[in-house]
Structure formats: structure tokens, C-alpha cells
Amino acid sequence: MTSNIYSDALFKLAIKEDAIESIIEQFETFVTLAHDNPDWIILLDSPMVRNRTKRDMLQSLGVFDELFLNFLMLLVRHHHVHLYEDIYEQWNIKSRLHQKIAYVQLYSAKPLSKKRLEQLKEEIKDYLPGLEIEFNQHIDPTLIQGERIIYQGRSIERSLKKALDDMRANV
Numbered sequence: 088m089t090s091n092i093y094s095d096a097l098f099k100l101a102i103k104e105d106a107i108e109s110i111i112e113q114f115e116t117f118v119t120l121a122h123d124n125p126d127w128i129i130l131l132d133s134p135m136v137r138n139r140t141k142r143d144m145l146q147s148l149g150v151f152d153e154l155f156l157n158f159l160m161l162l163v164r165h166h167h168v169h170l171y172e173d174i175y176e177q178w179n180i181k182s183r184l185h186q187k188i189a190y191v192q193l194y195s196a197k198p199l200s201k202k203r204l205e206q207l208k209e210e211i212k213d214y215l216p217g218l219e220i221e222f223n224q225h226i227d228p229t230l231i232q233g234e235r236i237i238y239q240g241r242s243i244e245r246s247l248k249k250a251l252d253d254m255r256a257n258v
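In this note's numbering, each residue carries its 1-based index in the sequence shown increased by 87.
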């Protein structure tokens, strides 16, 4: 819930300032930095380090503009930096919809060919009218065969594992 409030605020500000593309790039940079340096998030959330020091640290990277830096400092002041992944997920949904892109999570037992990806896009395009479909692929060996497609919390599972589970439930 809190992450949705932050992502809404950032999205509305990005629209107002015509900075969607810029914020997308900066947020991706921040997420990459956070994944590469998990202790950094702990430091940014810590009440033991002064906010001015944290701001200086973020500014010294030289990759964030004033708008995104102020957003990060809002998270810092409220000790909510640890929510960045949830905020980023919500932000991605909002920004991609604004750009008319459906960011779809695709789980498969093995990597899919470009031809198969195009087939899947054709199969689901009627469910997402007017949106360009972009897959974020994940390998899930528990699927055995087939795919599971998730968009905004809704799931389409077309896997052998799902079929077997359904058969077991009906027996």
C-alpha cells in the first residue's frame, strides 16, 4: 500500500514535469545499484546516518537529476528506501501503461525462441487491446512444459504442471 502511494506520487510528478523517460532510466539505474550493493539500501534507511550525508552520497554518483533525487530523499526521510523494489514494480506498471506498453511476466520451463514469443504475443494481444506487449522472461523449471503468463496480477497458466495439478484435484 505504501509503495503504491510513492509510485503514484512519482508518476504524477513525472507526468507533470514531462519526465517519464528520464525517471524510467534513473529508476532502472537505482535498482541496478541497489542490487549490486544491498548494504547501500540498509545505509540509506539507517537513522544512524544523517540525511545530509545520504543526499551527498546520492548526488556524488552524478546519475540522478533533482526530481529523482528529491524522490529518493523522500524515501530516505521516511525510512522507506527498503520498499524500492515494490515501488519500482508499481512505477513500471504505471509508466508502461502511459507509454501504451503491457509489461507481461512470462514464466517458462526453458528459454523460448523468438518465433514462440511472437506466437504468444499474437495469442494474448486481444486481451490487451491498444498495448504493445513486452515480455519479461523468467525460467521456472517446476513448470515442466508450457508457459505461465502474468499481467497485473492476473495469470494465464498453460503448463503441463498446471494440467496435472488440475487432474489431481478432480480425482
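Beta carbons are placed, not taken as given, at the ideal position from N, Cα and C, and that holds for glycine. Keep in mind that this is a model prediction, so the values were computed, not measured.
- Message: Do residue 163 and residue 128 count as a contact pair if the criterion is CB distance below 8 angstroms?
- Response: Residue 128 places its beta carbon 8 angstroms or farther from that of residue 163.
- Per the contact definition of three or more C-beta pairs closer than 8 angstroms, is the stretch 217–235 in contact with the stretch 185–194? Contact holds: three or more Cβ-Cβ distances are below 8 angstroms.
- residue 246 in three-state terms, based on DSSP: Below a pLDDT of 50, predicted positions are generally treated as unreliable, and residue 246, at 42, falls in that range; the measurement from the model is reported next regardless. Three-state result, residue 246: strand.
- Item | DSSP-derived helix/strand/coil call for residue 106 | It is coil, neither helix nor strand.
- Report the residue ranges of all alpha helix (DSSP H) runs contained in full by the stretch 151–207; include only those spanning at least 4 residues, in chain order. Runs found: 153–164 and 171–185.
- Query: Within the chosen definition, does the stretch 149–156 reach the stretch 109–117 through at least 3 CB pairs nearer than 8 angstroms?
  - Reply: A contact exists between the stretch 149–156 and the stretch 109–117.
- Start and end of the beta strand (DSSP E) containing residue 224? Unbroken beta strand (DSSP E) run through residue 224: 219–226.
- Task: Consider the Cβ of residue 157: report whether some Cβ of chain B lies at a distance smaller than 8 angstroms.
- Result: The structure shown contains no chain B; it is built from a single protein chain.
- Item | C-alpha distance - residue 116 paired with residue 103, whole-angstrom precision | Each residue's alpha carbon lies about 22 angstroms from the other.
- Where do the N-terminal and C-terminal ends of the beta strand (DSSP E) with residue 235 fall, by residue? Per DSSP, the unbroken beta strand (DSSP E) holding residue 235 starts and ends at 233–238.
- Query: Quick one: what does DSSP say residue 137 is sitting in, helix, strand or coil?
  - Reply: In the three-state reduction of the DSSP assignment, residue 137 falls in the coil class, being assigned neither a helical nor a strand state.
- Starting from residue 125 and walking both ways along the alpha helix (DSSP H), at which residues does that stretch end? Here the alpha helix (DSSP H) through residue 125 covers 125–132.
- Residue environment, residue 99, which counts as buried when at least 16 other CB atoms sit within 10 Å: It is exposed - the Cβ of residue 99 has fewer than 16 other Cβ atoms within 10 Å.
- Item | Cβ neighbours of residue 215 in the same chain (closer than 6 angstroms, five flanking residues each side left out) | Excluding sequence neighbours, residue 215 sits near 189.
- How about residue 269 and residue 173: do their beta carbons lie closer than 8 angstroms? The structure shown does not extend to residue 269, since the chain is modelled only from 88 through 258, so no value can be given for it.
- Could you name the residues of the same chain whose beta carbon sits closer than 8 angstroms to that of residue 247, not counting the 5 residues immediately before and after it, in chain order? Legend: pLDDT at residue 247 = 44, less than 50; position of this residue unreliable, value from coordinates given subsequently. Sequence-distant partners of residue 247 (beyond 5 residues in either direction) whose C-beta falls short of 8 angstroms from its own C-beta, in its chain, are 230, 231, 232 and 233.
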